[in-house]
Every structure is written in C-alpha cells, then in structure tokens.
Amino acid sequence: MKHPMRSTLVAAILAAFAMSAHAADGPTVTISGFGTAALTMSDTDDAQFVRPNQVAGAGESVRTGVDSNFGVQATAKINDSLSFTGQGLVRKIARDHYGAELAWAFAKYKINDDFAVRAGRVGAPVYMISDFRSVGYANTMLRPPQEVYGQVNVDTLDGVDVVYQHSFGDTSVTAQLGFGRTKVNLASGANVKYSPVTALHLVAEHGPFTVRFGHVVADFSVYDSAAFTGLYATLNRVGQTKAVNDFRITDAKGSFTSLGFTMDYNNILVQSEYAVRKTDTLVVHDTTSYYAMLGYRFGKFTPYYMYANAKQDDARTYAGLPNVPALAPLAAALNGIVKAPLQSTNAVGVRWDFYKSAALKVQIDRVTPRDGVGMFVNAKPGFQGPVTVGAVALDFVF
Amino acid sequence: MKTTIGMMVLAASLCAAAAPASAEIAVIVNPKNPATRMFSEQAAQFFIGKSALFTPIEYTDGVAIRNEFHTKVLQKDSAQIKSIWSKLVFTGKGTAPQEFKSAADVKKAVAADVSAIGYIDKSAVDDSVKVILTVQ
Chain H
172 MKHPMRSTLV AAILAAFAMS AHAADGPTVT ISGFGTAALT MSDTDDAQFV RPNQVAGAGE
232 SVRTGVDSNF GVQATAKIND SLSFTGQGLV RKIARDHYGA ELAWAFAKYK INDDFAVRAG
292 RVGAPVYMIS DFRSVGYANT MLRPPQEVYG QVNVDTLDGV DVVYQHSFGD TSVTAQLGFG
352 RTKVNLASGA NVKYSPVTAL HLVAEHGPFT VRFGHVVADF SVYDSAAFTG LYATLNRVGQ
412 TKAVNDFRIT DAKGSFTSLG FTMDYNNILV QSEYAVRKTD TLVVHDTTSY YAMLGYRFGK
472 FTPYYMYANA KQDDARTYAG LPNVPALAPL AAALNGIVKA PLQSTNAVGV RWDFYKSAAL
532 KVQIDRVTPR DGVGMFVNAK PGFQGPVTVG AVALDFVF
Chain G
61 MKTTIGMMVL AASLCAAAAP ASAEIAVIVN PKNPATRMFS EQAAQFFIGK SALFTPIEYT
121 DGVAIRNEFH TKVLQKDSAQ IKSIWSKLVF TGKGTAPQEF KSAADVKKAV AADVSAIGYI
181 DKSAVDDSVK VILTVQ
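Those sequence lines, one after another, are chains H and G.
Quick note on numbering: the first sequence equals residues 172 to 569 in the numbering used here.
Quick note on numbering: the second sequence equals residues 61 to 196 in the numbering used here.
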C-alpha cells in the first residue's frame, strides 16, 4: 500500500516539474513545505504518550517520533481556472517507523469567483484545523489536543468537494461539502474503510473572529481484526447473537458534529472546539469532547494555556449478556470494549517566533486519565495518571 | 574632535535621508483596473488572503517597505503574515503572493497583470500604475 502511494507522489511531482519545464508562459509550479522537529518525553515509563493512532510514544526517554513530521506540497497552476495540488507527508502513524503518505492529490477547478470544485484526494474537514493541523508553524499550540483530535481518524477523502467562498460586507463565508471514501490503517494492524463519507464545513470570519461548524457522517467497517473475529466466534458459539450485533464492526454508522471559535484580537488569542461523536455500534463510543486555548502575544513570544476534556455519553458497562458465571470472562471483555478512553489535559506552552519562517515551541501537558488508561498506549498493569508530558518543537515552513 | 562629531552628524543625516522613517506608501493597481479608491482595510484583505479578487504582489523578506506596510496597513507583524499564508497555502485555499526585491519589479508586475495589487514608495509612482490609496 505504501509503495504505490510513494511512487504516485513522486510521479505527480515529476509531472508537475515536467509541465513547468516545457511551458514558459503556461503553468506555474510552486513548491512549498513545512516541518516540525520535536522531542517529546514524559515522567513515566508505565504508559506511552502518543498522538492519535500512533503505535508507540514517549516515556521517560526522549522520543522524536511523536510530534515530528515533514511535508512537501506542489501546486501546478495550469491557468486561472485549473490547478493541480499534491502534498506528501512523512510522520509516524499506525506503524512504529516514519512512513510517507500521499496526503493530498487533487485537481481544483475554479468555476467562478465564488465556487470551486476539487476532485481526487482532498483533506477531510472533520475538525476546525483539519487542513493545517500537521503544519506546526500555522498553529499556536505544539499539537492539536488529542481529546478532540483523537475522536475521528479520517484525514483525507478520495472523492470530490465543492468549496464556496463569498464575502458579505465585512464577513467572509466559506462552505465546503465533500463526498468520498477513505481507508485508515490502525495501530492494531486492522484497517477501517469509511464509505461513503459526507463532510460539511462552514466557516464565517468577521474581523478577528472566526466561527466554524462541521458535520461529518459516514458508514464504516473494520477489516482484518483478529481480536473481533475471535470475539464474534465466541459470542456465536454461546448463542449471544444480540451482542454480536451490538458490537458489530461492519456497516456501522457514525456522525461527528463540532462547533469551533477563534479570536485574534488586540494580541489576545482564543481557540476552542466542542465536538459530539455518535455511532450505532458499542465498539466506537458516543463521546463529547472539547478544548479551549487562551494565549497572549507579547511581540515574538506567545504564551498560552489550554484545557481539554473527553467524556463518554453512552454507558460504560454492557448489560446485554445473561448474568451467569460461565459468561463472566466474556462480560468482562465486553465491558472493556464499551469504555471510551477518558482524560483531561491542562497544558501551558510558549511559541517564540525567533526567526522568519520558523518558530520554537515548548509545551508542558498534565494529562489525567479517568477510569482507565485514557489515550495512553502500551500501559503496564496498574498504570495510573496523572502524567506530565514535555515537548520542544521547531516548526518551519519554506 | 570637532570634525569627527561633524562627520557623525553628517553621516546620521545622510542615513536619515536614505531611509526616511515614515515615507508615504502608495497602494497601486494596474491602470486598466476599474477600481479608483480604496480604504486601508479593503486593500489589506488581499494581502492576508481574505479576498482573492485582486492578486497581491509582495516584497521579499527584509525589504524595509514590507515591514512598514505590514505594520501600518495590515496591522500585523511579518511572522503573523507568514503564519496566515502558511495556513492558506497548506490548506490548498490560496497561493502565497509573488515576491520581488524592488519597487521597480513590483511596478512591472502590477503593470503586467490587470488584477494585481501592490505597494511602492510614493516617490516611485509613474504612469505605468494607478494609485488607489496613499498611507502616511
């Protein structure tokens, strides 16, 4: 899977160069890039701190793989209406080594000043900062809060979207509606296919204020999960077919609805999102998550504080099995599956714009898991929070 | 001693003459552009990607007028502008402005593109471009 992607990206970039080479007044190609070089560590080896869908993360020894990434983007503008954009991203996700992904590869056709259509692999606007969450330089915080950004692991859509942009007086409005499908590899070795996905993204900007609403609905199925195959076999053997349906991982439906707000006024920065996830399977939980960041820009230094929290809206125990001793181990397993990872984070950090096109960030997170290990991975038995996580990151664009 | 001080004063005044602290900035468009007047806030929106109606023409980092324009008209520092454009570029929603080293190059670029908008020192204005806003 990875190799064809990589070669497609190379081909796209080469094609972009080739086009620029033989047409002096035709297409113009711009290459730009971004990256983050980061070190992350925590105060415990009993569990590892990760970004969403990473296999291994930071403990007491410093790791580079949690917050580091590198991306290159090429845009070939054929004429005023048509352009091609490709973006390659290198980071650690789903596997414990750096892998290259073709993040985007789309053709954009501008119908008029207000409407544009994009087709190919486009960014999935699940969250307020979905499109630039990998670009550390474009963000105040060192990383998006995982309480919210860990709820849906869809980054891209293979499909089409329509983007509408218009200014009404001093208010500019962006509306984006996308349809498509995507496949996401999971840290467990399984993979999820989302098809179809419908994503709506509405943004209104007025001076220093931005309000954003997002709504994503999708059908999804998990494949190649040995754990679930085994679970269904056991449930069927003991005649618990209702449980098989309650915990199904094929043809499940889910939605993710979020409201976001940002402000950049008199050097006061605010960024906040509130999100609700709902599904019809007990394997993926109904949750409410939110965060709020407050920062203040003192010239080149921007200190900030952030609070994030993830809660579960459906039951944390499963009552669908008969209460008999023979089924107790199975009930314990199902009661484990129905529990969403719960945690809250208090973080302080500072961004220093020390050089043009580069910023240095330091962030300390105090993460408190509740009723379980939260969003930590590889937890040892008896692991308990809270955990302090520290990170230093150098963000750059070129 | 006296001559040294005299030289320093002379040097200082020469420097001041070479780089006036607050020259007037002229915001310019192509002569074929139907726009005639613009408020500062209107001109600013093209340089921070809020409107794509006109195509902004910028200076490379380090050119003095760039910082002055960012502070006076866009009311942001250059790092903020860079961050705004990196958001637009890496969301595929915009293309960062073309950048030039001199007023002559900016004038040439504006004269060549009907939808272009740029800015130069007022003293550099000529018939190849049209002034739609002057900022003190």
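Note that CB positions come from ideal geometry on N, CA and C, so glycine has one too.
Below 8 Å on C-beta distance, what does residue i contact in chain G?
{"i": "F205(H)", "result": "S146, F150"}
{"i": "V306(H)", "result": "S146, K147, F150"}
{"i": "A346(H)", "result": "Residues of chain G passing the Cβ test: none, with the nearest at roughly 13 Å."}
{"i": "F303(H)", "result": "S146, K147, F150, T151"}
{"i": "S213(H)", "result": "Near S213(H) there are no residues of chain G at all, since even the closest Cβ is about 28 Å away, more than 8 Å."}
Should residue i go down as buried or exposed, given a rule of 16 or more other Cβ atoms within 10 Å for buried?
{"i": "G483(H)", "result": "According to the sequence displayed, residue 483(H) carries Gln and not Gly. Q483(H) comes out buried."}
{"i": "A192(H)", "result": "Residue placement at A192(H) is flagged as unreliable, the pLDDT there being 42, under the threshold of 50; a coordinate-derived value is accordingly withheld."}
{"i": "Q135(G)", "result": "exposed"}
{"i": "E444(H)", "result": "buried"}
{"i": "D326(H)", "result": "buried"}
{"i": "A182(H)", "result": "Bear in mind that the predicted position of A182(H) carries a pLDDT of just 48, short of 50, making it unreliable; the figure below should be weighed with that in mind. Exposed, since its Cβ has fewer than 16 Cβ neighbours within 10 Å."}
{"i": "A81(G)", "result": "For A81(G), the pLDDT reaches just 49, beneath the cut-off of 50, and the residue's location in the model is therefore unreliable, although a value from the coordinates is still provided. Exposed: under 16 other Cβ atoms inside 10 Å."}
{"i": "K248(H)", "result": "buried"}
{"i": "F418(H)", "result": "buried"}
{"i": "G507(H)", "result": "exposed"}
{"i": "R97(G)", "result": "exposed"}
{"i": "Y394(H)", "result": "exposed"}
{"i": "Q196(G)", "result": "exposed"}
{"i": "I180(G)", "result": "buried"}
{"i": "A195(H)", "result": "At A195(H), the pLDDT of 45 sits below 50, so the modelled position is not reliable; the number obtained from the coordinates is stated separately. Its Cβ having fewer than 16 others within 10 Å, A195(H) is exposed."}
{"i": "F339(H)", "result": "exposed"}
{"i": "K142(G)", "result": "buried"}
{"i": "F569(H)", "result": "exposed"}
{"i": "D187(G)", "result": "exposed"}
{"i": "S301(H)", "result": "buried"}
Cβ of residue i within 7 Å of any heavy atom in the ligand FMN?
{"i": "S138(G)", "result": "As for the ligand FMN, it is missing from this structure, which has no ligand bound."}
Who are the neighbours of residue i on chain G, taking C-beta pairs under 9 Å?
{"i": "K471(H)", "result": "D137, A139"}
{"i": "K527(H)", "result": "D121, G122, S138, A139, K142"}
{"i": "S429(H)", "result": "Ordered by position in chain G, no residue passes the 9 Å Cβ test against S429(H), which lies about 17 Å from the chain."}
{"i": "F384(H)", "result": "By Cβ distance, chain G contributes nothing, its closest Cβ being about 17 Å from F384(H), past 9 Å."}
How about residue i and residue j: do their beta carbons lie closer than 8 Å?
{"i": "V533(H)", "j": "A227(H)", "result": "no"}
{"i": "T256(H)", "j": "K279(H)", "result": "yes"}
{"i": "I117(G)", "j": "I177(G)", "result": "yes"}
{"i": "F303(H)", "j": "K147(G)", "result": "yes"}
{"i": "T155(G)", "j": "T201(H)", "result": "yes"}
{"i": "A184(G)", "j": "A163(G)", "result": "yes"}
{"i": "L440(H)", "j": "Y475(H)", "result": "yes"}
{"i": "E159(G)", "j": "T120(G)", "result": "yes"}
{"i": "G204(H)", "j": "V243(H)", "result": "yes"}
{"i": "A86(G)", "j": "T194(G)", "result": "yes"}
{"i": "V544(H)", "j": "A218(H)", "result": "yes"}
{"i": "T342(H)", "j": "A309(H)", "result": "no"}
{"i": "R522(H)", "j": "T246(H)", "result": "no"}
{"i": "A446(H)", "j": "F427(H)", "result": "yes"}
{"i": "T211(H)", "j": "V237(H)", "result": "yes"}
{"i": "R292(H)", "j": "A276(H)", "result": "yes"}
By the criterion of Cβ-Cβ separation under 7 Å, what are the contact partners of residue i in chain G?
{"i": "T201(H)", "result": "T155"}
{"i": "S366(H)", "result": "Residues of chain G passing the Cβ test: none, with the nearest at roughly 23 Å."}
{"i": "D524(H)", "result": "A139"}
{"i": "S343(H)", "result": "K110"}
Mind reading off the beta-carbon distance from residue i to residue j? Whole number of angstroms is fine, and I expect it under 8 Å.
{"i": "A229(H)", "j": "F241(H)", "result": "In fact, because the Cβ distance is near 19 Å, the residues do not count as touching under 8 Å."}
{"i": "A370(H)", "j": "L430(H)", "result": "Going by Cβ atoms, the distance from A370(H) to L430(H) rounds to 15 Å, so no, they are not a contact pair."}
{"i": "T539(H)", "j": "E318(H)", "result": "Contact flag wrong, Cβ pair sits at about 11 Å."}
{"i": "A511(H)", "j": "T458(H)", "result": "5 Å"}
{"i": "A530(H)", "j": "D524(H)", "result": "5 Å"}
{"i": "V382(H)", "j": "F350(H)", "result": "The pair is not a contact, with the Cβ atoms about 24 Å apart (cut-off 8 Å)."}
{"i": "S392(H)", "j": "K364(H)", "result": "5 Å"}
{"i": "N324(H)", "j": "V355(H)", "result": "5 Å"}
How about residue i: is its C-beta nearer than 8 Å to some C-beta of chain A?
{"i": "S392(H)", "result": "This model lacks chain A altogether, as its protein chains are H and G."}
**Request:** Using a Cβ-Cβ cut-off of less than 9 Å, give me the residues of the stretch 110-129 of chain G that come near chain H, in sequence order.
**Result:** K110, S111, A112, L113, D121, G122
**Message:** For the stretch 231-259 of chain H, list every residue whose C-beta sits within 8 Å of some C-beta in chain G, in sequence order.
**Reply:** G242, Q244, T246, K248, T256, Q258
**Message:** Please identify, using Cβ separations under 9 Å, the residues of the stretch 535-568 of chain H that lie next to chain G, in order along the chain.
**Reply:** V568
**Prompt:** Using a beta-carbon distance cut-off of less than 7 Å, what residues from the stretch 305-338 of chain H approach chain G?
**Reply:** V306, Y308, A309, S338
**Item:** Cβ-based contacts, 8 Å cut-off: residues of the stretch 275-292 of chain H near chain G
**Value:** W275, F277, K279, D284, R289
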